[in-house]
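Asks: Residues 587 to 776, numbered by the numbering used here, are exactly what the sequence shown covers, in order.
Handing you this structure, nothing more for now.
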Amino acid sequence: MKENKLSNRSYWYVKRLLDIILSIILIIITLPLMLITVIILLLNLGFPIFNQRRYREGLYKKKFLMFKFRTKKMNVDDLPREERYTKLSSIIDDLKLNELPQLFNVLFGQMSFIGPRPFIPDEELPSGQISEKRYYVRPGLSNLAFVSKRNKLTHKQKLLYDIEYYDNFGFKQDLIIFLKTPICIIKRLK
């Protein structure tokens, strides 16, 4: 940990311990759901099951392979959303079931349950707007921007939420984000 409020070092270790324990429990609980998701996606989209092998930037910009089931049709990035997904794969994407394999990233210490969403290395991003603070914590499955305004935020606003997360790093903030995440996912389905 570098500078700032991460002087709250004891929470840093508690957070990692909670990540390990919770990820193991959730992997065991969701394994049948992951298998059902894989079968549905195989029948619906075919191979490959996982997204392209895309690395992400993690803690201190260390690169890691983020696991995620593929929900888009192949070679359709330039098409509108409704044409990139099948009906079933769109539902799986909206429910975030495609992100269940990231529980393994949490278990391996590459991600946390709560933290900034990881960038793709060498991704073209607005210059001068990315604070180093976002790299002083592990990237997360959910984050402050996600539970605040969802997709209505600009990229710049999301980056400001990453700084706010870092500046208020602690158990209370993580618990609030953790509890709000399922509510935000359900609201998106409406």
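We put the beta carbon where it would ideally sit given N, CA and C, even for glycine.
Predicted model, so just to flag it, every value in this text is computed and none were measured.
(1) How is Ser676 classed by DSSP in three states: helix, strand or coil?
(2) Which two residues bound the contiguous beta strand (DSSP E) that contains Ile700?
(3) Smallest Cα separation from Ile698: which of Thr657, Thr767, Ser734, Val723?
(4) Could you compute how far the alpha carbon of Asn661 sits from the alpha carbon of Leu693?
(5) Taking only the alpha-carbon atoms, compute the straight-line gap between Tyr641 and Gln688 and give it to the nearest angstrom.
(6) With a threshold of 6 angstroms on Cβ separation, who are the neighbours of Leu781 within its own chain once the five nearest residues in sequence on each side are excluded?
(7) Report the partner residues of Tyr641 according to the DSSP bridge assignment.
(8) For Asp753, tell me which candidate among Ser717, Phe764, Ile771, Lys738 has the shortest Cα-Cα distance.
(9) What residue range does the alpha helix (DSSP H) around Leu604 cover?
(10) Could you tell me which residues DSSP puts in a beta bridge with Lys658?
(11) Could you give the distance in angstroms between the alpha-carbon of Lys766 and the alpha-carbon of Tyr671?
(12) Would you list the one or two residues that DSSP bridges to Phe636?
(13) Taking the alpha helix (DSSP H) that Ser734 belongs to, which residues open and close that run?
(14) Reducing DSSP to helix, strand and coil, say where Leu727 ends up.
Replies: According to the structure shown:
(1) When DSSP states are grouped into helix, strand and coil, Ser676 belongs to the helix group.
(2) Residues 698-700.
(3) Rather than Ile, the amino acid found at residue 698 in this sequence is Ser. If we check each option's Cα against that of Ser698, Val723 comes out closest.
(4) In this structure, the straight-line span from the alpha carbon of Asn661 to that of Leu693 is close to 31 angstroms.
(5) Distance between the alpha carbons of Tyr641 and Gln688: 13 angstroms.
(6) The structure shown does not extend to residue 781, since the chain spans only 587 to 776, so no value can be given for it.
(7) Paired residues: Leu651.
(8) Checked all of Ser717, Phe764, Ile771, Lys738; the closest Cα to Asp753 is Ser717.
(9) Going by DSSP, Leu604 is part of the alpha helix (DSSP H) stretching over 595-631.
(10) Its beta-bridge partners are Tyr671.
(11) If you take the alpha carbons of Lys766 and Tyr671, they lie about 27 angstroms apart.
(12) Phe636 is bridged to Phe655.
(13) Taken as a continuous stretch (DSSP letters only), the alpha helix (DSSP H) holding Ser734 covers 730-734.
(14) Residue state, collapsed to three classes: strand.
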